[in-house]
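K.L.:
Can you keep this structure in mind? I'll have questions shortly.
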Amino acid sequence: MQTSLPSCQSLPYLTPSNKRIVGRIKSCPEDFVVEEVSAYEPSGTGGHLYLWIEKRDCSADLLLRHLARELRLSRDSIGMAGLKDRYAVTRQWVSVPASSEKDLDKVDSDLVRVLKTSHHTNKLRTGHVKGNHFEIIIRSPDSTPYTPEAIDTAQELAEEIRQRGFPNFFGEQRFGKDDETLHLGLGLLRGGADMQGVPFQKRKFLQRLALSAAQSCLFNRVLAQRLQTGTLHQVLAGDVMQVSASGGVFNVEDVEREQPRYDGRETVLTGPLFGPKMKLPTGLPGDMEQAVLDEMDLTLDAFREHRKLTPGARRPMITWPRDLEVSATDVGLKLTFFLPSGSYATVLLREFLKDAMAT
Numbered sequence: 000m001q002t003s004l005p006s007c008q009s010l011p012y013l014t015p016s017n018k019r020i021v022g023r024i025k026s027c028p029e030d031f032v033v034e035e036v037s038a039y040e041p042s043g044t045g046g047h048l049y050l051w052i053e054k055r056d057c058s059a060d061l062l063l064r065h066l067a068r069e070l071r072l073s074r075d076s077i078g079m080a081g082l083k084d085r086y087a088v089t090r091q092w093v094s095v096p097a098s099s100e101k102d103l104d105k106v107d108s109d110l111v112r113v114l115k116t117s118h119h120t121n122k123l124r125t126g127h128v129k130g131n132h133f134e135i136i137i138r139s140p141d142s143t144p145y146t147p148e149a150i151d152t153a154q155e156l157a158e159e160i161r162q163r164g165f166p167n168f169f170g171e172q173r174f175g176k177d178d179e180t181l182h183l184g185l186g187l188l189r190g191g192a193d194m195q196g197v198p199f200q201k202r203k204f205l206q207r208l209a210l211s212a213a214q215s216c217l218f219n220r221v222l223a224q225r226l227q228t229g230t231l232h233q234v235l236a237g238d239v240m241q242v243s244a245s246g247g248v249f250n251v252e253d254v255e256r257e258q259p260r261y262d263g264r265e266t267v268l269t270g271p272l273f274g275p276k277m278k279l280p281t282g283l284p285g286d287m288e289q290a291v292l293d294e295m296d297l298t299l300d301a302f303r304e305h306r307k308l309t310p311g312a313r314r315p316m317i318t319w320p321r322d323l324e325v326s327a328t329d330v331g332l333k334l335t336f337f338l339p340s341g342s343y344a345t346v347l348l349r350e351f352l353k354d355a356m357a358t
């Protein structure tokens, strides 16, 4: 029985492990800039006030507490489409009741600024986002320009990622400090976790977080196996594929028909977020996913017992960044790219830095 997974740093890479640059990220918040790309723009009218907020070195929880305090709101009345990195400069829409507009002058602080406002008919909710645009500085060890050879290596890696994508692993932040959130989730699924010491009002939130961490851990394990067995870009009979345009999923019956569609990015291979509503693969892919459950001493029935928090879904195993560009700077390299919602910039950066990645 395997009770946990290797750290994200020890997960396999898609690009050659000996092709890397040495550097560090997040030396300061300005080295990691994230700008949300919304699923829609506010209409300009309606009962919800949309705030385009820039925060610096500020967690989502701290932002929510700050807005709730300064605008005298309950946290439940504040809407966000997604969580952003803490040690970064991030920009995103946040919605509050329109009645809060009179108190907006209280919001700006050393950590938070309101850059613009608008109105809309509905509250922002999780998932109301296409993705995020990133501008990231990789600093060389001594914050001086990289050699031409290092720049060439970075450009070669970028081109390979443009062509082949990168593994859509969940980042290590998903699992909590020292994997505490992950271990709680695994304990809940195995029926051995004790939450008596957790305040009642926080239990459901923590349960959701922990069970999601367990799902993410299992997904990473399945994805790692596909990568290590050389089948990440190979369509297998029984695989569950997702249609890129519509999001619909289906089981592969005709490999010869589906491989060209996958190669043309009409479809994408998916991995498991285990739960009772998840579409199951058959054949060898089904055996691989079942083997991961067995290794972790888990069953599908365990997820049915938590069906409200773990309904189940499929997640793409590969992500193709859009508009990936690499340029030299006086202190190292600048990477700019767009990722769809749910994909991690730090996982993309692993392909450049490998085990030399440092923050």
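Position 19, counted from 1, in the sequence shown is what numbering that gives the first Met the number 0 calls 18; the numbers after and before it change by one each time, with no gaps. Cβ atoms here follow ideal geometry from the backbone N, Cα and C, with glycine treated the same way. All values derive from a computational prediction rather than experimental measurement.
In three-state DSSP terms, what is D354?
P.N.:
Here D354 sits in helix by DSSP.
K.L.:
Let me check understanding here. Comparing Cα to Cα, which of L272, T281 and G246 lies closest to R264?
P.N.:
Closest by alpha carbon: G246.
K.L.:
Thinking C-beta only, is F302 closer than 9 Å to P320?
P.N.:
Not a contact, by the Cβ cut-off of 9 Å.
K.L.:
Are three or more beta carbon pairs between the segment 339–346 and the segment 164–172 nearer than 8 Å?
P.N.:
Because the criterion of three Cβ pairs below 8 Å is met, the segment 339–346 and the segment 164–172 touch.
K.L.:
From what residue to what residue does the beta strand (DSSP E) around P96 run?
P.N.:
P96 -> beta strand (DSSP E) spans V88 to P96.
K.L.:
Pick from C216, V251 and R189: whose alpha carbon is nearest that of L181?
P.N.:
Answer by Cα proximity: C216.
K.L.:
Per DSSP, what kind of secondary structure is D322 in: helix, strand or coil?
P.N.:
Strand at D322.
K.L.:
Kindly list the residues whose CB is nearer than 8 Å to the CB of R359, restricted to its own chain and excluding five residues on each side of it in sequence; keep chain order.
P.N.:
Outside the displayed span of the chain (0 to 358) sits residue 359, for which this structure offers no information.
K.L.:
So the candidates are L72, T152, H305 and T328; which of them puts its Cα closest to the Cα of R19?
P.N.:
When each option's Cα is compared against that of R19, the closest is T152.
K.L.:
What residues are listed by DSSP as bridge partners for Y49?
P.N.:
Beta-bridge pairing links Y49 to S94 and S117.
K.L.:
Compare the C-alpha of E294 against each of L185, Q195 and E252 and name the closest.
P.N.:
Among L185, Q195 and E252, the Cα nearest to that of E294 belongs to L185.
K.L.:
In terms of alpha-carbon separation, which member of R55, R71, Y39 and T125 lies closest to G78?
P.N.:
Nearest C-alpha to G78: T125.
K.L.:
Between the Cα of E35 and those of P28, K54, S42 and T44, spot the shortest distance and give me the residue it belongs to.
P.N.:
Ranking P28, K54, S42 and T44 by Cα distance to E35 puts K54 first.
K.L.:
Judging by CA-CA distance, which residue of I317, G45 and M194 is the nearest neighbour of R161?
P.N.:
For R161, the nearest C-alpha among the options comes from I317.
K.L.:
Do Y49 and L123 count as a contact pair if the criterion is CB distance below 9 Å?
P.N.:
Result yes, Cβ atoms of L123 and Y49 sit closer than 9 Å.
K.L.:
Within the continuous beta strand (DSSP E) that includes E265, where are the two ends?
P.N.:
No beta strand (DSSP E) contains E265, which DSSP labels as neither H nor E.
K.L.:
Here's the rule I'm using: 16 or more other beta-carbon atoms within 10 Å means buried, otherwise exposed. How should Q214 be labelled?
P.N.:
Q214 is buried by the Cβ-count criterion.
K.L.:
Going residue by residue through the segment 175–202, where are the continuous alpha helix (DSSP H) segments of at least 4 residues, counting only ones entirely within it?
P.N.:
For the segment 175–202, whole alpha helix (DSSP H) runs of length 4 or above, ordered along the chain, are 179–189.
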